[in-house]
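**Student:** Residues 758 to 974 (this note's numbering) make up the sequence shown, in order.
Note that CB positions come from ideal geometry on N, CA and C, so glycine has one too.
As the structure is a computational prediction, the values presented were derived from the model and not from experiment.
Below is a structure I'd like to ask you about.
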Amino acid sequence: MKKMIFDFIFFNQNYCYVCKDEKTENLICSSCLERLDFIDGNFLVDNNRVYYPLFYNNYIKEIIREFKFHKKTYLVKPLAAILFKYISQKEELKDIDYVSFIPMEQRALFDRGFNQAQLLANELADLLDVEVISLIEKNKKTREQNKVSLTQRKENIKNSFRPIDDCNIDGKTILLIDDLVTTGNTLREASQTILINNKVNIKFLTITSSRIGEDDD
758 MKKMIFDFIF FNQNYCYVCK DEKTENLICS SCLERLDFID GNFLVDNNRV YYPLFYNNYI
818 KEIIREFKFH KKTYLVKPLA AILFKYISQK EELKDIDYVS FIPMEQRALF DRGFNQAQLL
878 ANELADLLDV EVISLIEKNK KTREQNKVSL TQRKENIKNS FRPIDDCNID GKTILLIDDL
938 VTTGNTLREA SQTILINNKV NIKFLTITSS RIGEDDD
């Protein structure tokens, strides 16, 4: 019952999913769209390229913070819609066979209650009409990457994933999802682990990258 009331208040009256102030026929109102800085962002992580559609300004930073740390999981819908539109305009991201995601360590998942990357993957896969597949598990607790220095991040995430056996996806193209990328070390470690048991083509997609962005106000 509470969920039904919650959904009715916030979603069924055509209010913006982000600000919840303006009525709109879309998931995001024009005012919120104007505060987002759309780009064609990408950089190489080893031999793979990570793509992201938004500049890391203070507005998207706050949206991601609310999504991840304040349990506003309904924000997955507009965020996934942004990723879907970006993919539809990006030749390099077409012909995806499966969507996968960066997993969380079990205790961290229990504490947060959800994996934001998995929620994004589920929502995006529905839009793309492809399956979500779990390819790796996180087998050790690590510090949050944004809590350690750039030079420590590679060591922090090293050997933190293990492959899931018997996926039978050789020759397929995998879209690996995370919410945010900075150095790319997490994506690198995850993809190297996936490739232990699978001969696949991996493409990376995140919402934004904090490599270059605005300082906090």
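(1) Just curious, the alpha helix (DSSP H) that Arg859 is in, first and last residue?
(2) Going straight from the alpha carbon of His827 to that of Asp797, what length do you get?
(3) Nearest-angstrom Cα distance between Glu779 and Leu793?
(4) When you compare each of Asn896, Val856 and Ile853 to Leu866 by their alpha carbons, which one comes out closest?
(5) Where does Ser788 fall in DSSP's three states?
(6) Nearest to Arg945 by CA position, among Ala838, Asn771, Lys956 and Lys960, is which residue?
(7) In the DSSP assignment, what residue or residues form a beta bridge with Ser966?
(8) Suppose you measure from the CA of Ile921 to the CA of Ile890; what does that come to, to the nearest Å?
(9) For the alpha helix (DSSP H) that Leu836 lies in, which residues bound it at each end?
**Tutor:** So, from the listed chains and residues:
(1) Correcting the residue identity first, residue 859 is Ile in this sequence and not Arg. Careful: Ile859 lies outside any alpha helix (DSSP H) and carries neither H nor E.
(2) Answer to the nearest angstrom: the Cα atoms are 28 Å apart.
(3) Rounded to the nearest whole angstrom, the C-alpha separation of Glu779 and Leu793 is 16 Å.
(4) If we check each option's Cα against that of Leu866, Asn896 comes out closest.
(5) Residue state, collapsed to three classes: helix.
(6) When C-alpha distances from Arg945 are compared across Ala838, Asn771, Lys956 and Lys960, the shortest belongs to Lys960.
(7) According to DSSP, Ser966 bridges with Val938.
(8) Going by the C-alpha atoms only, they are around 10 Å apart.
(9) Run containing Leu836: Val833 to Ser845, per the alpha helix (DSSP H) assignment.
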